[in-house]
Each structure stands twice: as C-alpha cells, then as structure tokens.
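**Q**
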Amino acid sequence: MLTTLKYEFMKNRILYAIFLGALAILEVVYLAMVPFYSADSNRIYIPIYLLILAGVFAFFMIFFNGISMFSRDLKSKSGYLVYMTPVPVPSILGAKILLVFLSSIIFGLGFFALGLADLELLSVVAHRSDESLRFILPDLIKVLHSDHMVLFFLKKLVHYALSIFSLLSTVYFSIALSNTLLRGKKFGGVISFVIFISLTLLFGFISNALRVNHMCQNLMEIFFGLLCFIGTSYLVAKKIDL
Amino acid sequence: MSVTCTNLTKRYFTKTAVDQVSMTFEPGHIYALLGPNGNGKSTLMKLLSGLTSRTSGEITVDGHPLSYRDKANIAFAPTESIFFDYMKIRDVGRYYQDYFRDFDPSCFQRLLVELELTPDMKVRTLSSGMLAKLKIAATLSRKASLILLDEPLNGIDLLTRESILHTIIAHADPSRAMVISSHMVEELEATVDTALFMKEGRLILSTDVETLREKEGLSLVDKYRQIYGHGELLKEAM
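Chains as they are written, first to last, in my numbering: chain A, 3 to 244; chain C, 95 to 332.
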C-alpha cells in the first residue's frame, strides 16, 4: 500500500506544488503588507480573505482530485499501469483514500498553524487583541489549554478519518458501478449518480437517527464505508474492463 | 508456468470480442497472435493480463484460477502509452522495480542503451517509436513467465522494428512464453515458433510455424492470406 501511496502522491505532486505556491505568494503579500498596517485602512484584510479563500479551495480540490484520479484510472490507459501490478484492489483503493486523508490533514493543520501565526502577528502589529485567535475561536483556545487536548484532537481525527473513508468509499462505489456494470448503458452515468445520492441520503438519515449515540454513529459510518469499499473492490477486481 | 484459457469468452453488450477460446501457453515458446484489427487479439491479451474481466470460461495459471498474485509473473506491454505524464524514462524503471520483484534494473539500463534511450527523457515528449522501445525495455527487463506484447511494431520505422525484434529474440528463453500480436506477419516469421490465428474472436488455428512450412509448404504470410483473404490484406495495407 505504501508503494501505491507513493505513486499516487507523485501523480499529484504538481497540483500540490501549485496550491502551496499560490498560498506562499499570498502569504508573502500579507507579510509585506503587515508593516504598513493602518487602522484607517482595510487593505490588510484583502490577502487574509484571499488566503482563506485559497485555503478552502485547495482543501476541496484535494477531495475532488482524489475522486477524479480514481475515475481517470478506470477510464484512461494509465490505469493499466496501476491495475497490472500484483497489488490487491483493496490496497490500491486504500492508498487512494489514505492519500486524501493524509494530504488534507497535513494541509489543514499547516494552514491552521499559518492562520494562527498570521492572526497573532496582526494582533501584535495592530495592538488589537480582538484580532487574536483567542477572540475569534474562544472554544478552541479553551481546548488547547485543557488537559484533554490530546483526547479531543484524537477523537476529531478518528471522526474525520471515518467521514473521509465513508464519503470516498461511497463516491468510489458509484464511479466503479458506472465504469463496470453500467458501462456503456444508456443513462449509466445518471443512474450511478442517483445511486450515489440515494446512498448518501440513506447513510445520512440513519446516521442522524443515531446522533444521540456517537459510538453507534461511528460504527454505522464504518459499516457503510466498509460496505461500499468491499463493493468497489469487488467491481474493480472482477468486472473491470480497461 | 503455463497459462490455460478454457472456453474463454468476452462480450461487450452485443459484440463478442473473444469467443470460446481454448489454448495453453507453454514456456519456451514464442507465439504470434495474428488477425486483422477487431478480431479480439488485444482483448485476449487484456484478459490474460487481468485488465479485463471475462464473461465466461476460465483462465488458469498452473491449474489455479488467475488472480492478482499472478500479475507478478505476467508482463504485459499494451499497444497504447500507459505511463504517467510526470514520468521520465528513469521513473518508469523505478516504478517497475518497486512493483515487480522480477524486474532487473541492470537489464533495463542495458536495454535503454541498446535501444538508444536516455533515462532523462520525459515520457510525454517521446515519439511513438521511442515509446514502443521503452515499453519493450520495461517489459523485457522482467523475468516474467508470460510476456504479452500487443502490437509492439505498430507505427514504427523499419530500423526500429528490427531493433525491437532483435531485442525480443534475445530475451526468449525456455522458462518463459512470449505472445506477440502484430500485423507485420512477414517480420514475425523468423521470430515466432507458433502461430495463433484469430477471426471474429475465435481462435481458428493454432499451428507450429515449422510444421506449416514443412507439411503445407506455406509461410506465415501465405497462411494469413489464405485465412483472411486478399480483401483483409488490402484493408490492412490501407
């Protein structure tokens, strides 16, 4: 799985470099403007807004890219290189999901740390403590200073991992369905999209019904994710036509 | 390792691409998979390499059903470019080395020199002849038991074709079976020992090339002409 993870990363490295480059440029613009901060001007907020916008865009692009890479492998000839290897399909799928999880986590944490530093810098330069993170996200600051910080982040991380696994497995299942059993069929794409929406609604409905019990909710998420993951693995391993 | 197809069939909706093919690929042989376009040669190769699912029939490797593990012993060079855009020739070698235990990096280096390819070249900038050479170099650097080469001579000039055929012959050995599909029947004549003729997805004839010459007094080209007729040959030429 690690080898596949490595090559999935290599395929995406230019995209990641573009994101990081764009964020670095905006950060430099922000840092260049900080010394010229004036209470009468709002110009300093422009790079901040752009940074937030670019960060959110990049975060979503990591997901979309994870989805489109799977789809492309089933449609283009470069998929041969992936599926002619003696690697079991679940391992290939796992590597794709793991890459989205890891890159989004690393990117998200990096972006959060950068935002934290930028806000603190602004609060110092502007002599305005209300620009500081502790005023913007007071609950988070409380957690950061509490004894349960590690547990809190661990829980969030597990929940995030489960959500990613469940969401991507559902999307992959629909794509695999559209490229195998429904391939070339009239309205095959539409049918697979409808299946995706129906599955998402069904999972959402059951998950909401179990909202009172987080453990049950997590278990359901694992169950649905696994179901779609196994379904996708079966379709790709047994019904693929590259 | 011997690979056997039994009543192997692949259907795409109403079209039957491979129809009831039964055949065993034995080590030590070089097979020519012959037939005009659209007669199921590429589909058969994709079935054997596990890239396409069968509709019915079965493929067994030494008696057990073909699984992903067998891909470690089957090397396939499709006719299309399969490499990732970012790759340089060096990266292709690394990729094969990472995934296939039977890949021999020193053999790959040697073949690159022989085929006049340099590791720094970017795959997306290669000409079709260079790409064909790269596919051959990567595939033949594996010590796989079954080597599948789909149209390795397609769209390539005479000198490159000769150099590719020379490389293929040099890598034939008693422990591996090679299957080569091609339209260049004449050029395969001296390379292969068994010819498989496919028509409309069916394997209509499997014959030893030497026997064909001795018993029927026919070359591969003659037999090809006999089976597919002049019309098919004209279509091929066009």
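Using N, Cα and C, we set each Cβ at its ideal position, and we do this for glycine too.
Mind checking if residue 152/C is an interface residue toward chain A, Cβ cutoff 8 Å exclusive?
**A** Stepping through the second sequence from its first residue, residue 152/C is reached at position 58. For residue 152/C, the answer is no, since every Cβ of chain A falls outside 8 Å of its Cβ.
**Q** Which residue comes first and which comes last in the beta strand (DSSP E) that contains residue 272/C?
**A** For this step, residue 272/C is matched to residue 178 along the second sequence. It spans 271-275 - the beta strand (DSSP E) in which residue 272/C sits, taken as one unbroken run.
**Q** What does residue 244/A touch in chain C if you count any residue whose Cβ is under 7 Å from its own?
**A** The count along the first sequence starts at 1 and reaches residue 244/A at position 242. Residues of chain C passing the Cβ test: 140, 145 and 146.
**Q** Could you have a look at residue 151/C and say whether DSSP puts it in helix, strand or coil?
**A** For the purposes of this step, residue 151/C is taken as residue 57 along the second sequence, with counting starting at 1. In this structure, residue 151/C counts as strand in the three-state DSSP scheme.
**Q** For a cutoff of 8 Å on Cβ pairs, would you count residue 5/A as touching chain C?
**A** Locating residue 5/A in the first sequence gives position 3, where the first residue counts as 1. For residue 5/A, the answer is yes, since a Cβ of chain C falls inside 8 Å of its Cβ.
**Q** What residues of chain E sit near residue 175/C, judged by a beta carbon separation below 7 Å?
**A** Of the protein chains in the structure, A and C, none is chain E.
**Q** From residue 269/C to residue 95/C, what does the alpha carbon distance come to, in whole angstroms?
**A** In the second sequence, the residue the question calls residue 269/C occupies position 175. In the second sequence, the residue the question calls residue 95/C occupies position 1. Distance between the alpha carbons of residue 269/C and residue 95/C is about 8 Å.
**Q** Report buried or exposed for residue 265/C, applying the criterion of at least 16 other Cβ atoms within 10 angstroms of its Cβ.
**A** One-based indexing of the second sequence puts residue 265/C at position 171. By the 10 Å Cβ count, residue 265/C comes out buried.
**Q** Chain C partners of residue 53/A, CB-CB under 9 Å?
**A** The residue given as residue 53/A occupies position 51 in the first sequence. The premise fails here: residue 53/A is roughly 28 Å from chain C at the closest Cβ pair, so nothing lies under 9 Å.
**Q** Beta-carbon of residue 166/C versus every beta-carbon of chain A: anything under 8 Å?
**A** Here residue 166/C refers to the residue found at position 72 when the second sequence is read from its first residue. Yes, residue 166/C lies at the interface with chain A (some Cβ there is under 8 Å from its Cβ).
**Q** Let me check one thing: in DSSP terms, what residues is residue 244/C bridge-paired to?
**A** On the second sequence, residue 244/C is found 150 positions in, with the first residue counted as 1. Answer by DSSP bridge pairing, in chain order: 275/C.
**Q** Do the region 71-89 of chain A and the region 95-105 of chain C meet, that is, are 3 or more Cβ pairs less than 8 Å apart?
**A** No, they do not touch.
**Q** If contact means a Cβ-Cβ distance below 8 Å, which residues of the region 83-107 of chain A contact chain C?
**A** Those would be 83, 85, 86, 87, 88, 89, 90 and 91, in chain order.
**Q** Run through DSSP, which three-state label would residue 184/A get?
**A** In the first sequence, counting from the first residue as 1, residue 184/A sits at position 182. Looking at residue 184/A - three-state DSSP - the assignment turns out to be coil, as it is neither helix nor strand.
**Q** In whole angstroms, what separates the C-alpha of residue 150/A from that of residue 123/A?
**A** Taking the first sequence and counting its residues from 1, the one referred to as residue 150/A is at position 148. Taking the first sequence and counting its residues from 1, the one referred to as residue 123/A is at position 121. Spanning the two alpha carbons is a distance of roughly 27 Å.
**Q** Taking three-plus beta-carbon pairs below 8 Å as touching, is the region 223-239 of chain A in contact with the region 107-119 of chain C?
**A** Counting Cβ pairs under 8 Å, fewer than three are found: no touch.
**Q** Who are the Cβ neighbours of residue 107/A in its own chain at under 8 Å, not counting the five residues just before and after it?
**A** Against the first sequence, residue 107/A aligns to sequence position 105. 159 and 162.
**Q** Among residues of its own chain, excluding the 5 on either side of residue 235/C, which ones have a beta-carbon nearer than 8 Å to its beta-carbon?
**A** By one-based count along the second sequence, residue 235/C stands at place 141. 187, 190, 197, 198, 199, 201, 202 and 205.
**Q** Which of the three DSSP states is assigned to residue 1/A in this structure?
**A** Residue 1/A lies beyond the residue range present for chain A, which begins at 3 and ends at 244; the question has no answer from this structure.
**Q** Which class does residue 188/C belong to by DSSP, given the choice of helix, strand or coil?
**A** Along the second sequence, read from residue 1 onward, the residue named residue 188/C stands at position 94. It is helical.
**Q** Quick one: any contact between the region 193-212 of chain A and the region 222-235 of chain A, if contact means 3 or more CB pairs under 8 Å?
**A** Touching, yes.
**Q** Identify, in the order they occur along the chain, each residue of the same chain with its Cβ nearer than 7 Å to the Cβ of residue 56/A, setting aside the five sequence neighbours on each side.
**A** If you number the first sequence from 1, residue 56/A lands on position 54. The residues are 24, 25 and 28.
**Q** In the DSSP output, which residue or residues are listed as bridge partners for residue 292/C?
**A** Working through the second sequence from its first residue, we reach residue 292/C at position 198. BP columns for residue 292/C point to 297/C.
**Q** What separation, rounded to the nearest whole angstrom, lies between the Cα atoms of residue 280/C and residue 165/C?
**A** On the second sequence, position 186 is the one that residue 280/C refers to. On the second sequence, position 71 is the one that residue 165/C refers to. Straight-line Cα distance between these residues: approximately 31 Å.
**Q** Please identify, using Cβ separations under 8 Å, the residues of the region 185-208 of chain A that lie next to chain C, in order along the chain.
**A** Those would be 186, in chain order.
**Q** In whole angstroms, give me the CA-to-CA distance for residue 9/A and residue 21/A.
**A** Stepping through the first sequence from its first residue, residue 9/A is reached at position 7. Stepping through the first sequence from its first residue, residue 21/A is reached at position 19. Cα to Cα, residue 9/A sits roughly 19 Å from residue 21/A.
**Q** Could you tell me which residues DSSP pairs with residue 117/C in its beta bridges?
**A** As a working note, residue 117/C is residue 23 in the second sequence. Bridge partners of residue 117/C: 99/C.
**Q** Do residue 244/A and residue 68/A have their CB atoms nearer than 8 Å?
**A** Mapped onto the first sequence, residue 244/A falls at position 242. Mapped onto the first sequence, residue 68/A falls at position 66. Not in contact: residue 244/A and residue 68/A (Cβ atoms no closer than 8 Å).
**Q** Return the residues of the region 15-31 of chain A that lie within a Cβ-Cβ distance of less than 9 Å from chain C, sorted by chain order.
**A** Listed by position along the chain: 15 and 16.
**Q** At a Cβ cut of 7 Å, what residues of the region 191-220 of chain C count as close to chain A, listed as they run along the chain?
**A** So the close ones are 192 and 193.
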